[in-house]
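Enquirer: Quick one: the structure is below, and I'll ask about it shortly.
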Amino acid sequence: MKISLHHLALCAATLGASSAAFTQPAAPASAPVCEAHVKGQPGKKFDLTELRVSKRCAQFTVHLLHTGKKPWQEAGHNWVLTRSQDTEAVIREGQRSGPERAWLSRGDARVLAATQMLSGGEHASVSFPVERLSQGEDYTYFCSFPTHAEPMRGKLVVID
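Numbering (the numbering used here), first residue to last: 11 to 170.
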(Lines of atoms letter the chains of each structure in order from A and count residues from 1; the text may use other names and numbers.)
(Lines give C-alpha, C1' and ligand atoms only; values in the text may rest on other atoms or scores of the structure.)
Protein backbone atom coordinates (compact mmCIF):
# COMPACT_ATOMS: atom_id res chain seq x y z
CA MET A 1 0.00 0.00 0.00
CA LYS A 2 1.41 3.31 -1.10
CA ILE A 3 0.65 6.45 0.88
CA SER A 4 1.86 9.75 -0.41
CA LEU A 5 3.46 12.28 1.89
CA HIS A 6 0.77 14.76 0.87
CA HIS A 7 -1.99 12.35 1.98
CA LEU A 8 -0.18 11.64 5.26
CA ALA A 9 0.24 15.37 5.99
CA LEU A 10 -3.44 15.99 5.26
CA CYS A 11 -4.49 13.22 7.69
CA ALA A 12 -2.18 14.56 10.39
CA ALA A 13 -3.50 18.10 9.97
CA THR A 14 -7.10 16.88 10.17
CA LEU A 15 -6.44 14.85 13.31
CA GLY A 16 -4.56 17.73 14.91
CA ALA A 17 -7.36 20.20 14.18
CA SER A 18 -10.09 17.94 15.49
CA SER A 19 -8.21 17.07 18.69
CA ALA A 20 -7.47 20.76 19.30
CA ALA A 21 -11.19 21.44 19.30
CA PHE A 22 -11.60 18.99 22.17
CA THR A 23 -8.62 20.14 24.22
CA GLN A 24 -9.10 23.92 24.20
CA PRO A 25 -10.24 25.25 27.54
CA ALA A 26 -13.76 26.57 27.73
CA ALA A 27 -14.15 30.32 27.60
CA PRO A 28 -14.53 31.78 31.08
CA ALA A 29 -18.03 32.82 32.11
CA SER A 30 -18.49 36.54 31.76
CA ALA A 31 -17.88 38.45 34.94
CA PRO A 32 -20.99 40.02 36.46
CA VAL A 33 -21.45 43.78 36.32
CA CYS A 34 -21.33 44.94 39.92
CA GLU A 35 -22.04 48.64 39.50
CA ALA A 36 -24.49 50.99 37.84
CA HIS A 37 -24.34 54.63 36.80
CA VAL A 38 -27.66 56.37 37.43
CA LYS A 39 -28.58 59.95 36.56
CA GLY A 40 -31.05 61.95 38.61
CA GLN A 41 -32.51 64.31 36.06
CA PRO A 42 -34.62 67.47 36.04
CA GLY A 43 -38.27 66.58 35.74
CA LYS A 44 -38.08 64.27 38.76
CA LYS A 45 -36.82 61.15 37.04
CA PHE A 46 -34.01 58.64 37.02
CA ASP A 47 -32.59 57.69 33.63
CA LEU A 48 -32.66 54.00 34.63
CA THR A 49 -35.89 52.52 35.95
CA GLU A 50 -34.55 49.00 36.48
CA LEU A 51 -31.25 47.72 37.81
CA ARG A 52 -30.24 44.06 37.61
CA VAL A 53 -27.90 42.88 40.35
CA SER A 54 -26.08 39.57 40.12
CA LYS A 55 -25.85 37.35 43.21
CA ARG A 56 -22.30 36.66 41.98
CA CYS A 57 -21.30 40.19 43.05
CA ALA A 58 -19.92 40.51 46.56
CA GLN A 59 -20.90 44.19 46.56
CA PHE A 60 -22.92 46.37 44.24
CA THR A 61 -22.17 50.06 43.79
CA VAL A 62 -24.54 52.72 42.52
CA HIS A 63 -22.95 55.92 41.19
CA LEU A 64 -25.49 58.74 41.16
CA LEU A 65 -25.08 61.95 39.16
CA HIS A 66 -27.51 64.86 39.63
CA THR A 67 -27.69 66.34 36.13
CA GLY A 68 -29.70 69.41 37.15
CA LYS A 69 -28.46 72.80 38.28
CA LYS A 70 -30.48 73.61 41.42
CA PRO A 71 -29.13 73.31 44.99
CA TRP A 72 -30.23 70.32 47.04
CA GLN A 73 -32.51 72.50 49.17
CA GLU A 74 -34.63 73.32 46.08
CA ALA A 75 -34.45 70.12 44.04
CA GLY A 76 -32.00 67.64 45.50
CA HIS A 77 -31.64 64.05 44.37
CA ASN A 78 -30.49 60.96 46.21
CA TRP A 79 -30.79 57.20 45.64
CA VAL A 80 -32.45 55.12 48.36
CA LEU A 81 -33.02 51.33 48.27
CA THR A 82 -35.72 49.51 50.26
CA ARG A 83 -37.76 46.35 49.99
CA SER A 84 -40.83 47.33 47.99
CA GLN A 85 -43.11 46.43 50.90
CA ASP A 86 -41.30 49.05 53.04
CA THR A 87 -41.02 51.88 50.51
CA GLU A 88 -44.17 53.86 51.34
CA ALA A 89 -43.59 53.75 55.11
CA VAL A 90 -39.94 54.79 54.71
CA ILE A 91 -41.01 57.75 52.54
CA ARG A 92 -43.83 58.80 54.87
CA GLU A 93 -41.73 58.58 58.03
CA GLY A 94 -38.72 60.13 56.33
CA GLN A 95 -40.65 63.26 55.37
CA ARG A 96 -40.97 64.04 59.10
CA SER A 97 -37.17 63.90 59.46
CA GLY A 98 -36.72 67.05 57.41
CA PRO A 99 -33.98 68.33 55.14
CA GLU A 100 -31.15 68.06 57.68
CA ARG A 101 -31.54 64.27 57.44
CA ALA A 102 -32.28 64.15 53.69
CA TRP A 103 -35.89 63.21 54.48
CA LEU A 104 -34.87 59.79 55.83
CA SER A 105 -35.31 58.58 59.40
CA ARG A 106 -31.91 58.18 61.01
CA GLY A 107 -30.98 54.56 61.58
CA ASP A 108 -33.98 53.16 59.69
CA ALA A 109 -33.06 49.49 59.15
CA ARG A 110 -35.51 49.31 56.23
CA VAL A 111 -33.16 51.54 54.23
CA LEU A 112 -30.80 49.03 52.61
CA ALA A 113 -28.58 51.66 50.96
CA ALA A 114 -28.68 55.41 50.33
CA THR A 115 -26.53 58.15 48.88
CA GLN A 116 -26.37 61.62 50.33
CA MET A 117 -28.70 64.30 48.97
CA LEU A 118 -27.04 66.02 45.99
CA SER A 119 -27.21 69.45 44.41
CA GLY A 120 -27.13 69.82 40.63
CA GLY A 121 -23.79 68.77 39.14
CA GLU A 122 -22.77 66.69 42.15
CA HIS A 123 -22.23 62.94 42.28
CA ALA A 124 -22.05 60.31 45.01
CA SER A 125 -21.73 56.56 45.28
CA VAL A 126 -23.07 53.95 47.64
CA SER A 127 -21.98 50.30 47.91
CA PHE A 128 -23.85 47.54 49.66
CA PRO A 129 -23.30 43.78 50.14
CA VAL A 130 -25.36 41.77 47.68
CA GLU A 131 -25.73 38.94 50.22
CA ARG A 132 -28.30 41.17 51.98
CA LEU A 133 -30.59 40.85 48.95
CA SER A 134 -32.80 37.85 48.17
CA GLN A 135 -33.63 36.58 44.72
CA GLY A 136 -37.38 36.82 44.17
CA GLU A 137 -37.81 39.71 46.64
CA ASP A 138 -39.13 43.01 45.25
CA TYR A 139 -36.88 46.03 45.77
CA THR A 140 -37.59 49.67 44.98
CA TYR A 141 -35.18 52.58 44.72
CA PHE A 142 -36.35 56.18 44.90
CA CYS A 143 -35.37 59.78 45.64
CA SER A 144 -36.48 60.89 49.12
CA PHE A 145 -36.72 64.63 48.29
CA PRO A 146 -40.31 65.83 48.92
CA THR A 147 -42.54 65.34 45.85
CA HIS A 148 -39.80 63.33 44.09
CA ALA A 149 -40.42 59.92 45.67
CA GLU A 150 -43.41 59.01 43.51
CA PRO A 151 -42.06 59.84 40.03
CA MET A 152 -38.39 59.06 40.81
CA ARG A 153 -38.55 55.32 41.31
CA GLY A 154 -37.04 52.22 39.89
CA LYS A 155 -36.98 48.50 40.45
CA LEU A 156 -33.95 46.50 41.53
CA VAL A 157 -33.97 42.85 40.45
CA VAL A 158 -31.64 40.19 41.85
CA ILE A 159 -30.49 37.73 39.17
CA ASP A 160 -28.37 34.52 38.90
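Beta carbons are placed, not taken as given, at the ideal position from N, Cα and C, and that holds for glycine.
Where does G104 sit, in a helix, a strand or coil, going by DSSP?
Expert: The answer is helix: DSSP assigns G104 an H, G or I state.
Enquirer: Across which residues does DSSP place F138 in a beta bridge pair?
Expert: F70
Enquirer: According to DSSP, is P129 part of a helix, a strand, or is it coil?
Expert: The residue asked about is misnamed: residue 129 is Ser in this sequence, not Pro. Correct three-state label for S129: coil.
Enquirer: Nearest CA to the CA of L6: which residue from I169, H87, V140?
Expert: Outside the modelled stretch of the chain, which goes from 11 to 170, sits residue 6, for which no answer is possible.
Enquirer: Anyone know if the C-beta pair for V140 and A41 falls short of 8 angstroms?
Expert: no
Enquirer: Got a sec? Which residues, its chain only, sit under 6 angstroms from E132 by beta carbon, not counting five neighbours each side?
Expert: H76
Enquirer: Quick one, which of G50, F70, L122, V72 has its alpha-carbon nearest L128's?
Expert: G50
Enquirer: Answer with buried or exposed for H158, where buried requires no fewer than 16 other C-beta atoms within 10 angstroms of its C-beta.
Expert: buried
Enquirer: For V63 versus V48, is the C-beta spacing smaller than 8 angstroms?
Expert: For V63 and V48, no; Cβs fall outside 8 angstroms.
Enquirer: With the cut-off set at 8 angstroms, would you say Q105 and P156 are in Cβ contact?
Expert: For the pair Q105 and P156, the CB atoms are nearer than the 8 angstroms cut-off.
Enquirer: Leaving out the 5 sequence neighbours to the left and right, which residues in its chain are closer than 8 angstroms to T59 when beta-carbon positions are compared?
Expert: R163, G164, K165
Enquirer: Does Q145 come out as helix, strand or coil in the three-state DSSP assignment?
Expert: coil
Enquirer: Buried or exposed for G78, going by 16 or more other Cβ atoms inside 10 Å?
Expert: With 16 or more Cβ atoms within 10 Å of its Cβ, G78 is classed as buried.
Enquirer: Just tell me which of V100, G53, G130, G108 has its CA closest to the CA of V90.
Expert: V100
Enquirer: Would you decide whether V168 is buried or exposed? Buried here means 16 or more other CB atoms lie within 10 Å of its CB.
Expert: buried
Enquirer: Just mark S154 as buried or exposed, buried being the case when its beta carbon has 16 or more other beta carbons within 10 Å.
Expert: buried
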